[in-house]
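Before any comments, here is the structure.
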Amino acid sequence: MRVGRELGSASASSSQKQDRPFHWAVPIRVAANFNGGVTDGELDGFFGSGGNPEKLIIDTDPGIDDSMAILMAFQTPNVEILGLSTIFGNVATEDATRNALLLCEIAGCPDVPVAEGSPEPLKGGRPRVADFIHGTDGLGNIFLSPPKAKKIEKSASEFLVEMVSQYPGEVSVLALGPLTNIALAIKRDTSFASKIKRLVILGGSFFALGNVNPAAEANIYGDPEAADVVFTSGANIVVVGINITTQTKFTDTDLLQLKESKGKYAPFINDICKFYRDWHVKSDGVYGIFLHDPVSFVALVRPDLFTYKKGVVRVETQGICVGHTLMDQGLKKWNTSNPWTGYSPVSVAWTVNVDEVLNYIKKMLMKP
Numbered sequence: 001m002r003v004g005r006e007l008g009s010a011s012a013s014s015s016q017k018q019d020r021p022f023h024w025a026v027p028i029r030v031a032a033n034f035n036g037g038v039t040d041g042e043l044d045g046f047f048g049s050g051g052n053p054e055k056l057i058i059d060t061d062p063g064i065d066d067s068m069a070i071l072m073a074f075q076t077p078n079v080e081i082l083g084l085s086t087i088f089g090n091v092a093t094e095d096a097t098r099n100a101l102l103l104c105e106i107a108g109c110p111d112v113p114v115a116e117g118s119p120e121p122l123k124g125g126r127p128r129v130a131d132f133i134h135g136t137d138g139l140g141n142i143f144l145s146p147p148k149a150k151k152i153e154k155s156a157s158e159f160l161v162e163m164v165s166q167y168p169g170e171v172s173v174l175a176l177g178p179l180t181n182i183a184l185a186i187k188r189d190t191s192f193a194s195k196i197k198r199l200v201i202l203g204g205s206f207f208a209l210g211n212v213n214p215a216a217e218a219n220i221y222g223d224p225e226a227a228d229v230v231f232t233s234g235a236n237i238v239v240v241g242i243n244i245t246t247q248t249k250f251t252d253t254d255l256l257q258l259k260e261s262k263g264k265y266a267p268f269i270n271d272i273c274k275f276y277r278d279w280h281v282k283s284d285g286v287y288g289i290f291l292h293d294p295v296s297f298v299a300l301v302r303p304d305l306f307t308y309k310k311g312v313v314r315v316e317t318q319g320i321c322v323g324h325t326l327m328d329q330g331l332k333k334w335n336t337s338n339p340w341t342g343y344s345p346v347s348v349a350w351t352v353n354v355d356e357v358l359n360y361i362k363k364m365l366m367k368p
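Mapped onto full-length UniProt numbering, the consecutive letters of the sequence shown carry residue numbers 1 to 368.
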């Protein structure tokens with residue numbers, strides 16, 4: 001099944017230079033099922049546990065590691081990608097839209113709808129853009145030619161509400177950037193949160209340092225007000241913080257193995273990862289790359305490779321700790337109500353089977 005496209009106008013990135021064509025277009029294949037997993041509190045409705053393809057929307061700011069996760073999704077059995085929605089973060093929103101369209105073409109699926117999201121956070125103002133990590137084009141400064149396909153006319157929040165309303169209880173959403181579009185969908189339709197099958201979020205840093213500053217992780221910091229709306233919405237949320245994703249990385253040896261593999265997307269991924277790898281060396285002293293977005297995708301399709309704790313999560317929206325995610329694990333019975341009181345708990349990834357997650361990522365990215 002393919003969602004019908006409504007064509008709109010796509011704007012080219014202002015940072016684009018020396019455009020060159022890509023040569024990695026491949027067909028998509030759909031096949032077998034996934035395994036499930038348990039948590040302290042159990043994740044219900046495990047991804048792929050039924051016989052039918054799982055419906056998925058990816059809300060994304062591609063971005064190098066976003067691109068890896070998206071191409072993994074196109075490679076993964078039993079996934080029906082209903083569309084991509086775009087948001088600022090690694091690049092400006094219009095550039096994220098351009099890259100999302102390119103990724104669909106690279107995957108051989110140019111008809112997958114791409115809905116452009118908000119150009120700014122909920123409270124307005126200039127968004128934080130991490131082009132110093134991902135390059136001015138968001139793809140490691142490889143400057144591809146513009147995509148042939150166009151974004152749809154609907155906004156990201158409109159598209160999200162429409163798809164989740166059309167398939168209530170069937171659509172999972174993988175949120176790889178700031179949560180502005182998800183918050184706008186919640187504000188647009190008060191029943192939206194209850195109709196999502198599962199919302200897997202890459203964001204936050206739980207009982208660990210951030211990566212923007214000591215307090216905050218980049219996606220949550222990008223729109224803390226939106227994140228707090230989402231975390232308190234009552235949706236079935238699984239959140240994967242950088243306390244998990246920074247445990248999982250490709251070393252230079254892994255990157256070489258990917259380059260020399262027969263993976264469908266290996267040449268493209270090798271090209272975009274050069275810039276990303278050099279930034280990791282300069283910033284973190286890591287000779288390789290962290291796999292934030294691919295790990296979050298694995299949490300969606302293979303939850304059995306993680307353990308989870310349940311608790312209410314709130315986000316600081318002011319002061320020096322803006323963007324900080326703080327979880328009440330329920331370990332203490334509070335004497336009075338507090339800002340965590342009365343909200344539904346979410347599942348926070350607590351531990352990860354690093355070897356198995358790496359194996360899964362390699363399997364998908366090196367798949368011929």
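Where a beta carbon is used, it is the ideal one built from N, C-alpha and C, also for glycine.
Asked	Found
Three-pair Cβ contact test at 8 Å for the stretch 213-221 versus the stretch 326-340	no
Gly222 (DSSP reduced to helix, strand or coil)	helix
Range of the contiguous alpha helix (DSSP H) that encloses Tyr360	354-365
Burial state of Lys332 (16 or more Cβ within 10 Å)	exposed
Limits of the beta strand (DSSP E) - the one that Thr253 falls within	Here Thr253 belongs to no beta strand (DSSP E); instead the alpha helix (DSSP H) covers 252-259.
Cα-Cα separation between Asp284 and Thr86, rounded to whole angstroms	28 Å
Identity of the residue in Gly124, Gly140, Lys123 nearest Ala130 by Cα	Gly140
Residues of its chain near Met364, where Cβ-Cβ distance is below 7 Å and the 5 sequence neighbours each way are ignored	Met72, Gln75, Thr76
Contacting residues, own chain, Cβ-Cβ under 6 Å from Leu199 (five flanking each side not counted)	Val173, Ala235, Ile237
For Ile142, three-class secondary structure by DSSP	coil
Separation of Glu316 from Pro168, as counted between CA atoms	31 Å
Terminal residues of the beta strand (DSSP E) in which Tyr276 lies	Note, Tyr276: premise wrong, no beta strand (DSSP E); alpha helix (DSSP H) at 266-284.
Classification of Glu54 by the beta-carbon crowding that lies within 10 angstroms, buried from 16 upward	buried
Bridge-paired residues (DSSP) for Ile182	Note: Ile182 sits in no beta bridge, so no partner.
Cβ contact check for the stretch 179-196 and the stretch 141-161: 3 or more pairs under 8 Å	yes
Cβ-based burial, Glu116 [other Cβ within 10 Å; buried from 16]	buried
Assigned secondary structure, Glu153 (DSSP; H/G/I helix, E/B strand, else coil)	coil
CA-to-CA distance, Gly342 to Asn335, given in whole angstroms	14 Å
Alpha carbon of Ile133 to alpha carbon of Asp61, nearest angstrom	13 Å
Residues of its chain near Glu120, where Cβ-Cβ distance is below 6 Å and the 5 sequence neighbours each way are ignored	Pro127
Rounded separation between Val348 and Asn99 - CA only	29 Å
Residue nearest to Ile196 in terms of C-alpha spacing, selected from Leu202, Phe206, Thr248, Ala185	Ala185
Member of Thr93, Gly125, Leu122, Ser165 whose CA lies at the smallest distance from the CA of Val114	Thr93
Rounded C-alpha distance that separates Trp340 from Val312	6 Å
Beta-carbon proximity of Ser296 to Ala69, cut-off 8 Å	yes
Which residues DSSP lists as bridging Ser347, in chain order	Val238, Lys310
Collapsed DSSP secondary structure at Lys249 in the structure displayed	strand
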